[in-house]
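Chemist: Supplied in structure tokens, the structure appears directly below.
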Amino acid sequence: MAIWIYAEHKNGQLKKVTLELLSEGRKLAGQLNEELAAVLIGKDVAALAATLGEYGADKVYLAENDALENYTTDGYTNVLAALAKEQQPAAILLGCTVQGRDLAAQVAQRLGTGLCTDCTGLELADGRLVFTRPIYAGKAFVKAAVPEARPAMATVRPNVLGVTAPQAGRSAEVIKADAQPGDIRQVIKDIVCQISTRPELTEADIIVSGGRGMKGPENYKLLDELADVLGAAVGASRAAVDAGWVPQSMQVGQTGKTVSPVLYIACGISGAIQHLAGMSSSKCIVAINKDPEANIFKVADYGVVGDLFEVVPLLTAEFKKMLDKEQC
Amino acid sequence: MKIVVCLKQTFDTEAKITINPDGKINDQGVSLIMNPYDEFAVEEALRLQEKNGGEVTVVSVGGAKAQDALRQALAMGADKAVLVTAELAAMDEYSTATILAKAIAGLEYDLIIGGFRAVDDGSAQVAGRVAEILGLPVVNVVTKLEVADGKALATREIEGGSEVVEVPLPAVITAQKGLNEPRYPSMKGIMKAKKKPMEKKDPAGLGLDAAAVAARVCALEYFLPAPRAAGKIIPGEPAEATAALVRALREEARII
Ligand SMILES: Cc1cc2nc3c(=O)[nH]c(=O)nc-3n(C[C@H](O)[C@H](O)[C@H](O)COP(=O)(O)OP(=O)(O)OC[C@H]3O[C@@H](n4cnc5c(N)ncnc54)[C@H](O)[C@@H]3O)c2cc1C
Ligand SMILES: Nc1ncnc2c1ncn2[C@@H]1O[C@H](COP(=O)(O)O)[C@@H](O)[C@H]1O
Chain A
1 MAIWIYAEHK NGQLKKVTLE LLSEGRKLAG QLNEELAAVL IGKDVAALAA
51 TLGEYGADKV YLAENDALEN YTTDGYTNVL AALAKEQQPA AILLGCTVQG
101 RDLAAQVAQR LGTGLCTDCT GLELADGRLV FTRPIYAGKA FVKAAVPEAR
151 PAMATVRPNV LGVTAPQAGR SAEVIKADAQ PGDIRQVIKD IVCQISTRPE
201 LTEADIIVSG GRGMKGPENY KLLDELADVL GAAVGASRAA VDAGWVPQSM
251 QVGQTGKTVS PVLYIACGIS GAIQHLAGMS SSKCIVAINK DPEANIFKVA
301 DYGVVGDLFE VVPLLTAEFK KMLDKEQC
Chain B
1001 MKIVVCLKQT FDTEAKITIN PDGKINDQGV SLIMNPYDEF AVEEALRLQE
1051 KNGGEVTVVS VGGAKAQDAL RQALAMGADK AVLVTAELAA MDEYSTATIL
1101 AKAIAGLEYD LIIGGFRAVD DGSAQVAGRV AEILGLPVVN VVTKLEVADG
1151 KALATREIEG GSEVVEVPLP AVITAQKGLN EPRYPSMKGI MKAKKKPMEK
1201 KDPAGLGLDA AAVAARVCAL EYFLPAPRAA GKIIPGEPAE ATAALVRALR
1251 EEARII
């Protein structure tokens, strides 16, 4: 009864959450004395199997087909569900990404099984998997299991589990899987990529985020500059999004993205409960706000009371100084 | 065009969450709202109806109070509502989707719209499961929707951008913020809503026995997160404070 990881990839590279799942899956599979398999679906993706092996997969089910070049709900559901029906894994874990969420719900229903989404923890208790997941936007948590139905399915929040170092030379057995995409009803007409050299918000280790205190779209360049020095992603509060300063895709919070970076720098954000819902699992929170009473200071590890238009450029310069010094 | 909207009543996003002595989430005194993403779904259905004619039916699975969320949708302009009251000991997304799909199967529909996620359990799976049960294609996290010639053209969010997907109708679409700006019910709408039909059902009446809706996921334990301790305000003039902050991140927090 194997544990399966869905190997999500993009632009020829495995997503970071795939490596996180492999690392965690390796531990669980070891404790259960079961094998860990990765399911790799796409077109011309075979080369990724080597990396999956190095990060802990014993087996890689490789489903390649020209019709699977782009992710489609039907195409990928048909392949993954059919493979799971045939092989009967004990569990399937996916990243809680746009794609993982989409695929997991369809596959779970087709297999008539249970799915715990957006998990922040996995453990074994009495030989069964127990999933910890936030509810009410992180204001509470529930531990849950899929007691009988198989496979037990879960999506896991990116950036929460650690990645263990790959083992060079470790390799997985590659098994060609049936890759019949079936009838794909979703026809992709266009894909628009925002060209960005920055990390994905949900995967970023550092996020610099701006709210209504930014006063206008032109001032986000201050955050861009800070983000460039730190290799960070840039986020925003809903107030900034609703004002039309930045796109919806940058919104952090209950009706935006949930993020758990190592460092979250909130600039001109008051700390409304709906904003905190999206970022309070950050490891370290820094707040810059001119109002010493702002709610954000109640959750921030470090706060600077001051005008962000003064503080942010200084901070950029200060980080730059420190990081430049290290490069010489 | 006949549109069905799935809507869930959820806790207000401001609600403080506490746990009862029996270990369950306390729902006493919590104000309830229509799931914010479902407001986008209702709004989109109404806009499509205004353009193409037809009928909008809102459906909810929940307790008796879920009527309020349905009434709100009727006040916004939906034509009729179906409330399926399910007072089961244990429910999960499988149970909810099974009941919801069965209720919808008895209606006429060209399009089903839901929210992409409910803000309470945040599971983002019920609408997709409904699509699978009804054998319909689904497009999730949609920020723009056009319907013509028996097809839906939906722009959806993907990581790092967006994509435009076409599906044949009937289909299930889930709403993401950005799809539209939901209207507020007007006074007239609120008055009218009182007279609009609200059909009530239960799982048994839909022909579903306990086994058919048995939960696949079982909750073992609820708990609250350890509160985040407030940290330090770094004193001093901006230049001093930022230098001290950078030092603290390096030496104390060890993250840079
Ligand atoms: C259903 C629902 C869902 C929601 N979902 C979200 C969500 O997903 N994400 C989200 O963020 N919000 C969400 N909200 C909105 C939330 O309630 C707040 O309105 C929002 O977060 C406020 O954004 P803000 O902190 O940028 O603005 P404000 O609350 O206006 O705060 C601005 C802050 O900037 C500070 N400031 C101003 N000028 C400066 C300066 N020069 N230097 C330093 N500081 C300065 C001020 O002191 C203030 O604290 C939601 C609300 C509802 C009802
Ligand atoms: N009890 C319910 N009644 C009606 N619709 C629901 C219910 N639960 C979930 N939905 C729909 O499914 C969407 C996703 O919910 P969830 O999977 O719980 O995050 C919601 O936005 C609703 O459109």
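Heads up: the protein sequence lines correspond to chains A and B, in order. For the first sequence, counting from 1, position 216 maps to 216 in our numbering; every step adds exactly one. Counting the second sequence from 1 gives a position; our numbering is that position plus 1000. A virtual CB, placed ideally from N, CA and C, is assigned to each residue, including glycine. Only a predicted model underlies this, so the values are computations on that prediction, with no experimental measurement involved.
1. Please decide whether residue 414(A) counts as near chain B, where near means a Cβ-Cβ distance under 7 Å.
2. Closest by CA to residue 42(A), which one among 212(A), 64(A), 21(A) and 134(A)?
3. Pick out whichever of 28(A), 166(A), 130(A) and 212(A) has its Cα sitting closest to the Cα of residue 53(A).
4. By the 10 Å Cβ neighbour count, where 16 or more other Cβ atoms means buried, how is residue 1204(B) classified, buried or exposed?
5. In whole angstroms, what separates the C-alpha of residue 315(A) from that of residue 1062(B)?
6. Cβ of residue 1008(B) less than 7 Å from any chain A Cβ?
7. Given this structure, state the Cα-to-Cα distance separating residue 1121(B) from residue 1237(B), to the nearest angstrom.
8. Considering only heavy atoms of ligand 2, does any lie closer than 6 Å to the CB of residue 1067(B)?
9. Do three or more CB pairs link the segment 231-239 of chain A to the segment 206-223 of chain A at distances below 8 Å?
10. What does the alpha-carbon distance come out to for the pair residue 204(A) and residue 1214(B)?
11. I need the boundaries of the alpha helix (DSSP H) containing residue 1190(B), first residue and last residue.
12. Quick one: does residue 301(A) have its CB under 7 Å from some CB of chain B?
13. So if I threshold CB-CB distances at 9 Å, which residues from the segment 61-76 of chain A count as touching chain B?
14. Out of 1161(B), 1014(B), 1044(B) and 1089(B), state which residue places its alpha-carbon closest to the alpha-carbon of residue 1073(B).
15. List in chain order the residues whose CB is within less than 5 Å of at least one heavy atom of ligand 1.
16. Figure out for me which residue from 1173(B), 1181(B), 1196(B) and 1211(B) has the closest Cα to the Cα of residue 1094(B).
17. Are any of the Cβ atoms in chain B nearer than 7 Å to that of residue 3(A)?
18. Does residue 183(A) come out as helix, strand or coil in the three-state DSSP assignment?
19. Can you pull the DSSP bridge partners for residue 193(A)?
20. Against residue 1025(B), what residues of chain A qualify as contacts under a CB-to-CB distance less than 7 Å, listed in chain order?
21. Is the closest heavy atom of ligand 2 to the C-beta of residue 1096(B) under 6 Å?
22. Quick one: list the residues of chain B neighbouring residue 273(A), beta-carbon separation under 8 Å, in chain order.
23. Determine, using beta carbons only, whether residue 1081(B) and residue 1198(B) come nearer to each other than 7 Å.
24. Are there any heavy atoms of ligand 2 lying less than 6 Å away from the beta-carbon of residue 1126(B), as far as the coordinates show?
25. Along chain A, in chain order, which residues have C-beta atoms closer than 8 Å to that of residue 1224(B)?
26. Got a sec: does ligand 2 put a non-hydrogen atom nearer than 6 Å to the Cβ of residue 1008(B)?
27. Assign residue 128(A) to one of three DSSP states: helix, strand, or coil.
28. Would residue 1137(B) pass as a contact of residue 1171(B) if the rule is Cβ separation under 7 Å?
Modeler: By the coordinates alone:
1. One cannot answer for residue 414(A) here, as it falls past the ends of chain A, which runs 1 to 328.
2. 64(A)
3. Per the Cα distances, 166(A).
4. Exposed, by the Cβ-count rule.
5. Our two residues, residue 315(A) and residue 1062(B), have alpha carbons roughly 50 Å apart in a direct line.
6. no
7. 44 Å
8. no
9. Yes, they touch.
10. 39 Å
11. That run of the alpha helix (DSSP H) goes 1187-1193.
12. yes
13. 70, 71, 72, 73 and 74
14. Ranking the options by Cα distance to residue 1073(B), first place goes to 1044(B).
15. 211(A), 212(A), 213(A), 237(A), 238(A), 239(A), 253(A), 254(A), 255(A), 256(A), 268(A), 269(A), 270(A), 272(A), 274(A), 275(A), 289(A), 290(A), 291(A), 294(A), 307(A), 308(A), 1013(B) and 1036(B)
16. 1211(B)
17. no
18. Coil, per DSSP.
19. 1161(B)
20. 140
21. yes
22. 1013 and 1014
23. yes
24. yes
25. Per Cβ cutoff of 8 Å: 139, 140 and 141.
26. Under cutoff, so the answer is yes.
27. Taken through DSSP and simplified to helix, strand or coil, residue 128(A) comes out as strand.
28. yes
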